[in-house]
Each structure stands twice: as C-alpha cells, then as structure tokens.
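Participant:
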Amino acid sequence: MTRPTRQREDRTRWQGEEEGETEDADVDLDDLDPEDLVRTADGELIHEETGLIIEEEQIDPGPEWRAFNHQERQEKSRVGAPTTQTMHDKGLTTTIDWKDKDAYGRSISSRKRSQMHRLRKWQERIRTKDAGERNLQFALSEIDRMASALGVPRSVREVASVIYRRALNEDLIRGRSIEGVATAALYAACRKEGIPRSLEEISEVSRVERKEIGRTYRYISQELGLEMKPVDPKKYVPRFCSELELSEEVQSKANEIIETTAEKGLLSGKSPTGYAAAAIYAASLLCNEKKTQREVADVAQVTEVTIRNRYQEQIEAMGIHS
0 MTRPTRQRED RTRWQGEEEG ETEDADVDLD DLDPEDLVRT ADGELIHEET
50 GLIIEEEQID PGPEWRAFNH QERQEKSRVG APTTQTMHDK GLTTTIDWKD
100 KDAYGRSISS RKRSQMHRLR KWQERIRTKD AGERNLQFAL SEIDRMASAL
150 GVPRSVREVA SVIYRRALNE DLIRGRSIEG VATAALYAAC RKEGIPRSLE
200 EISEVSRVER KEIGRTYRYI SQELGLEMKP VDPKKYVPRF CSELELSEEV
250 QSKANEIIET TAEKGLLSGK SPTGYAAAAI YAASLLCNEK KTQREVADVA
300 QVTEVTIRNR YQEQIEAMGI HS
C-alpha cells in the first residue's frame, strides 16, 4: 500500500527559501534516477537529493499477537499445517480425531461413540473420490515408505511427489506399474537433491526389480526433460566411510584419489558407487586402516571384481605401486 507522494516540510521549506519559492516545487517522478532512491529502516522509499518520499507505508505480514515460546505460538496460531505434495489432497482435507471426547475433554456416550466411529469411516472413504485419487494416494504412501527406509530428508519426498504428479499428468504411467514409477520418481529426486542412492539401495526397499526401476527412470526422465548431471562419486564417500568406521583421514584421501583420477578421464563410463568404493579401499591401505575388498564391496553393494579393477586403474593413474 502506498500513499500519494509528498515532501518533507523541512526539506521543502529549505528548498523554497533557497530558490525564493513559497510553494512546494512540483517534481516529476519519471525524471527521478532510480539509483538515487534509498529504502530506510522503517520502510520509507526516499529520493536522496530532493528528500521526496515515494513510499511511506509498510505492511506487516506477521500476526497481531505475540508469543515467547513454541507452545504459545502453537496455541495462538489459527492456521493448520502447510500444504504438502506428499499427500494426494495436499493436506487440505479435515480429519476427525480418534479420541472419543467432547470439547471440554469429557468422555462421550456410547451412542455418540458409535456415531463418531461411522463418521470417521466415511471421512476416510470420501477423501478419495475416484480410482485415480486412490492410486495417487497409494503411490505417494509408497514414496513416503521407501524414503523413510532410505533415511532421506523431507525435501526429497516433496520432489519425488512432484515428479510422480508430473508423470501422472503427462499420462506416463499407462502400461507401467504404480510402484515402478513411484520408485523411479524417488530415485530421480535423490539425484536431483544431491543425495544419491544407488539403484541397488533403492531396489532393496522397493517392491520392484532393479531392471524395471532403471528402465522406468530413463523413460520418465527423458519424457519429463529432467536434466540430471552424472553422480559425483565423492558424494558416496562420507556415507561409505561412516559405515566402514574409517577416519576423516581416509575420507580425505579417498576424495583426493577420486579428484586426481577423474581429471585424467578414468571416471568416464564407470559406475560412481564402484569408483568411490575402490578409492576408499585404496585410501584405507594408504592410511594403514586396512579394510578387505569384501567389506568395502558389501557396503557399496558392488562386486569385489569391480573394486579390484577400479583400484588397479586408480593406483596406476596416481603413480602408486601396490
């Protein structure tokens, strides 16, 4: 909200005295240089040279009440939870509380209890109006379940839900399983958010085979135009080192090996998980914290042969003799 522009009395008076004028000077706003406009701490927009106030009123979007701790804030708030893409109705529908109590906290009669039970049952039924919404509800609950099993943050679930909704709108699910598209959407979201999980890890928590996940992921990423950069093997190093109980020194050395060998073109066409696992194995030997190839392979979910092959390539490129 803005008011008509006016001039400060003291500036106007000073200008009038200097220029011999008795009335306010007319200033054309179009002639003012935007670089001369300054926003003050109290929200006023002022033209520095003339003292002209362009905007003087600020709107406070905050609540009219004050709260000094989280509990007070929750009690005084008059809004519900924010909308979310992880629920089929975006969290906008109401729910009936499972407690059989009235507004004063007193227990309700048996007749009212049976009535509330029926209302809850119908409330759940009418939340999904058709088969499409029921399928969307199932897919989003699958994404939530798998994300919880993988231990990925909330942002990944939101992105995965958005990708699935886009696939649904583009009719990419026809002829494919709901679980397959939901899993592929989660895999894509993990890569997009920079929290990569390998296809093996994703397939472990999914009800779909690895081949189908990979095939569906390639299809939806191509159709939706998802621009995915190649996964950086360094993103796997902290997690793998933590599971192997290796020190920061090993982690730092593994990152150094990956950087040096990648610059020489060794990473091209290689699996990032296998590449990271081999670098960790090499770093553990160099830092005298030896781990067997079997131990590293189990954590990275790759074969020992992969580790051996990548390890040999990396130490040769680094000029280290085994």
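Using numbering that gives the first Met the number 0, the first residue of the sequence shown is number 0, and each one after it goes up by one. Backbone N, C-alpha and C define an ideal beta-carbon position, used for all residues, glycine too. Values in this document were obtained by computation on a predicted structure and should not be read as measured data.
1) Check whether the Cβ atoms of Thr127 and His87 sit closer than 9 angstroms, and answer yes or no.
2) Within its chain, find whatever has a CB closer than 6 angstroms to the CB of Glu22; leave out the 5 residues flanking it on each side and keep chain order.
3) Would you tell me roughly how many angstroms separate the C-alpha atoms of Arg206 and Ser147, rounded to the nearest one?
4) Of all the beta strand (DSSP E) runs that stay within the bounds of the region 70-106, which reach a length of 3 or more residues?
5) Using three-state DSSP, classify Ile194 as helix, strand or coil.
6) What does the alpha-carbon distance come out to for the pair Glu178 and Val304?
7) Please report the distance separating the alpha-carbon of Val230 from that of Asn134.
8) Can you tell which of Trp97, Asp30, Ile53 has the C-alpha that lies nearest to the C-alpha of Gln122?
9) Ends of the beta strand (DSSP E) at Val207?
10) Between which residues of its own chain and Gln250 is the CB-CB distance below 7 angstroms, once the five residues before and five after are set aside?
11) On the three-state DSSP scale, how would you describe Val37?
12) Go to Leu44, then tell me how far its beta strand (DSSP E) extends in each direction, as first and last residue.
13) According to the neighbour-count rule (16 or more other Cβ atoms, all chains shown, within 10 Å of its Cβ), is Glu262 buried or exposed?
14) By Cβ distance, which residues of its chain are closer than 8 angstroms to Glu242, with the 5 residues on each side in sequence left out?
15) Below 6 angstroms CB to CB, which residues in the same chain sit around Leu171 once its five sequence neighbours on both sides are set aside?
16) Just to confirm the assignment: which complete beta strand (DSSP E) runs, minimum length 3, are found wholly within the region 226-292?
17) For Thr182 and Ile201, which I take to be in contact (beta-carbon distance under 8 angstroms), what is that distance rounded to the nearest angstrom?
18) Find the nearest neighbour of Thr215 within the set Arg175, Glu203, Arg196, judged by alpha-carbon distance.
19) Are Ala130 and Ile162 touching if we call contact CB-CB under 9 angstroms?
20) Using a Cβ-Cβ cutoff of less than 7 angstroms, which residues in the same chain neighbour Gly90 once the five nearest sequence positions on both sides are dropped?
Facilitator: Short version:
1) Taking the sequence shown and counting its residues from 1, one reaches residue 127 at position 128. Taking the sequence shown and counting its residues from 1, one reaches residue 87 at position 88. Yes, the Cβ-Cβ distance between Thr127 and His87 is below 9 angstroms.
2) Walking along the sequence shown from the start, residue 22 turns up at place 23. With a pLDDT of 41 at Glu22, under the threshold of 50, the predicted position of this residue should be treated as unreliable, though the coordinate-derived value follows. If we look at Glu22 and ignore the five residues flanking it on each side, it has no Cβ neighbours.
3) As a first step, residue 206 is located in the sequence shown; it is residue number 207 there, counting from the start. As a first step, residue 147 is located in the sequence shown; it is residue number 148 there, counting from the start. Each residue's Cα considered, the two are about 15 angstroms apart.
4) none
5) Numbered from its first residue, the sequence shown carries residue 194 at position 195. Correct three-state label for Ile194: coil.
6) Locating residue 178 in the sequence shown gives position 179, counting from the first residue. Locating residue 304 in the sequence shown gives position 305, counting from the first residue. So the alpha carbons of these two residues sit roughly 32 angstroms apart.
7) For the purposes of this step, residue 230 is taken as residue 231 along the sequence shown, with counting starting at 1. For the purposes of this step, residue 134 is taken as residue 135 along the sequence shown, with counting starting at 1. If I take the Cα positions, the gap works out to 31 angstroms.
8) Here the question's residue 122 lines up with position 123 in the sequence shown. Closest by alpha carbon: Trp97.
9) Numbered from 1 along the sequence shown, position 208 holds the residue referred to as residue 207. Element bounds for Val207: n/a, residue is neither H nor E.
10) As a first step, residue 250 must be located in the sequence shown, where it is residue number 251. Closer than 7 angstroms at Cβ, skipping near neighbours: Val236, Pro237, Cys240.
11) Residue numbering aside, residue 37 sits at position 38 when the sequence shown is read from its first letter. The answer is strand: DSSP assigns Val37 an E or B state.
12) Taking the first residue of the sequence shown as 1, we reach residue 44 at position 45. It spans 44-46 - the beta strand (DSSP E) in which Leu44 sits, taken as one unbroken run.
13) Walking along the sequence shown from the start, residue 262 turns up at place 263. Exposed, by the Cβ-count rule.
14) In the sequence shown, the residue the question calls residue 242 occupies position 243. Excluding residues within five positions, the ones whose Cβ falls inside 8 angstroms are Val298.
15) Residue numbering aside, residue 171 sits at position 172 when the sequence shown is read from its first letter. Hits under 6 angstroms: Ile219, Glu222.
16) none
17) Here residue 182 is taken as the residue at index 183 of the sequence shown, counted from 1. Here residue 201 is taken as the residue at index 202 of the sequence shown, counted from 1. Correct: roughly 6 angstroms between the Cβ atoms.
18) Here residue 215 corresponds to residue number 216 of the sequence shown, with the count starting at 1. It is Arg175.
19) Within the sequence shown, numbered from 1, the residue matching residue 130 stands at position 131. Within the sequence shown, numbered from 1, the residue matching residue 162 stands at position 163. For Ala130 and Ile162, no; Cβs fall outside 9 angstroms.
20) As a position in the sequence shown, residue 90 is number 91, starting the count at 1. Result list for Gly90: Ala80, Thr82, Thr83, in chain order.
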